[in-house]
Every structure is written in C-alpha cells, then in structure tokens.
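Under mature numbering (1 follows the signal peptide of the UniProt record, and there is no 0), read the sequence shown as residues -21 to -1, 1 to 235, first letter to last.
By construction, the Cβ of each residue, glycine as well, lies at the ideal position given by its N, Cα and C atoms.
Notes follow once the structure below has been shown.
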Amino acid sequence: MSVVKTVGFIFAAGFSINAMAADFSFDRPGAGIGTGITPVGQLAWEQGLPSLSYSESSDENGIKVKNTTLNADMLLRTGLAQDLELQLGWQGPSWSKTRTAGQSFEEDGLGDVSIGVKKAINLDDEKLSMAILAEAILATGNEGFSNQDDIYSLTSAVAYEYSDLIRTSMTMRYEAQNSNWAVTAIPNIEYKITDKLSGFSELVYRKAESQHYEYALGSGLVYALNERMQMDASIGVDLNGRDKNYQSGLGVSFLF
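Given below as structure tokens:
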C-alpha cells in the first residue's frame, strides 16, 4: 500500500477562502489536514474526480507487475460548534487494472468509509493555528479495495502563516490497525501565486511497525473559483526502493 494512499491521498490545508469564516479552509489537496473548521450549519463537500495511482514492481520470479487504480474519494464536513466539526469520508467507487506476463486483469468495487471529529485548538496567536482529528476508517469496502482491518488514528496539524504569500504546516498522524502501530509526518509549504491560484509542496514520511521507512513527495495547485468553490490538481511519487509508485488527482470542493 503506497504512503499517499494509506493516508488516503487526504490532500493539506489551503488558503482561507470564506469571508464569513476567515479560519475555514478545505482539506484538499495534500496528504495532511488543515486547521480550519467548517462553520456551524454549513457543509463542505470535497470530491475526487478521480484520484489515480500507478505502480510497477516485480514478483518473486522477477516478472514485472503493473497496476493502475482509479477511485472517486469524497469527504463531507459540517460544523458542530465554532471549533468542532464532524467528518464523513468514503474512498468511493474504484477500478483497477493489473498487467503481468502479457495478461491483464480488471477489478472494480467500493472502498472503505471513515468517520472523524476535528477540533481547533486556540493558541491565542494570529499567525499560528492548530487542530486535532480523531478518525476511524472502517473496513467496509470490497476485497482488493479495502484496508481489511479497521484503522483508528489521531492526527494533529500546526500551521504558521509567515505572510499573505507563504504558509507552512506540519501534520503528525498516529494510527493503530489490528494491534499494529504506524506514524506519519508531513511537513508542507503553501505559496500564493495569484489572488485565486496557490500551490503546495510536501514530504510524506511514514514508519509502520515491522515495516521499512516510507517516503513520498507531493505537489499541486489550487484554484479558487469563488469564495465557496475551488478546484485542485496534484501529483505525488513514492521514494521506496526499486518499485515505482506514482499518484495524481483532480478534485473539486464546495461550501454550502
């Protein structure tokens, strides 16, 4: 399982785009989470259009295996209080194609669902913000498109706004799955290009119990069509040994 998909290709906090709630931001794109909270009585819908992953590896006989996967992941967020929101996610309908030894195999199915609660932490600083997300990913998906066992995680994010043009953040994710633990660290930098266009770059580091270290790089663009809608495009690459793993995604987000 690739680093970026493990953390769901759950995409980093963007610049604030809602004039009524200056601390709100969509969580797409990026592998981390944002520190913004959805305003009470409003709904944020973040939809992949879809996300794509491609991998090349070799089996124990040295035969090359190529796999392509598409999935239309989605996330719904709604405010429960000024500093608290509920999140409902779904990895969505998925399709994969595996090619090996001159043959190809196709599968399709539904991915896992998730539920989480995110709370903003008041640091009494205009430039510094923080949020904590408690989440459960429930292994309800079909064979081949599921994590097989439920994943329980606690994620924290701290963001610092250097200026109107540059913002940095650090996301730390701690998770447990079937008595096994894993930790993920995601440093991120966001930069404003124009009034409506911004970009980001990030490094994803993950260490799971009894597994090798995993690293990935990601980058992308976000275009805010207006105060309540944005579109995004992102690309990522895993840096783990000789296997090739790439991810990309298109998405759109709305605030109702």
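### Message
Among the candidates 173, 175 and 164, whose CA atom is the shortest distance from the CA of residue 185?
### Response
164
**OP:** Output the distance between the C-alpha atoms of residue 9 and residue 200, rounded to the nearest integer angstrom.
**Re:** 10 angstroms
Note to self: Between 38, 82, 16 and 168, which has its C-alpha nearest residue 141's C-alpha?
What the structure shows: 168
- prompt: Excluding the five sequence neighbours on either side, which residues of its own chain have a C-beta within less than 8 angstroms of the C-beta of residue 19, listed in chain order?
  reply: 58, 59, 60 and 61
Next on the checklist: I'd like to confirm the pairing. Which residues does DSSP put opposite residue 179 in its beta bridges?
Outcome noted: 169 and 199
Item to complete: Please go through the same chain and pick out, in chain order, the residues whose beta-carbon is closer than 6 angstroms to the beta-carbon of residue 35, but skip the five residues on each side of it.
Response: 45 and 223
Any idea what DSSP makes of residue 126, helix, strand or coil? Note: residue 126 maps to coil in three-state DSSP.
- Query: Does the Cβ-Cβ distance between residue 219 and residue 188 come in under 8 angstroms?
  - Reply: no
**Prompt:** Near residue 147, what residues of its chain come up, given a Cβ to Cβ distance below 8 angstroms and the 5 sequence neighbours on each side ignored?
**Reply:** 138, 139, 141, 166, 167, 168 and 169
Q. For residue 43, does the count of other Cβ atoms within 10 angstroms reach 16, so buried, or fall short, so exposed?
A. exposed
* **Continuous beta strand (DSSP E) stretch holding residue 47: start and end** => 43 to 50
**Prompt:** Are the region 93 to 110 and the region 66 to 75 touching by the rule of at least three beta carbon pairs closer than 8 angstroms?
**Reply:** yes
Rounded to whole angstroms, what is the Cα-Cα separation between residue 155 and residue 118? In this structure, the alpha-carbon of residue 155 lies about 13 angstroms from that of residue 118.
> Exposed or buried, residue -19, counting other C-beta atoms within 10 Å across all chains shown (16 or more means buried)?
Replying inline: Unreliable positioning characterises residue -19 in this predicted model, as indicated by a pLDDT of 43, which lies under 50. A coordinate reading is not provided.
Practice problem: Look at the alpha carbon of residue 191 and the alpha carbon of residue 217, and state the distance between them as a whole number of angstroms. | Solution: 13 angstroms
My assumption, with CB atoms under 8 angstroms, is that residue 123 sits in contact with residue 83. Please give the rounded CB distance. Contact flag wrong, Cβ pair sits at about 15 angstroms.
Report task. Below 6 angstroms CB to CB, which residues in the same chain sit around residue 134 once its five sequence neighbours on both sides are set aside? Result -> 12, 112 and 152
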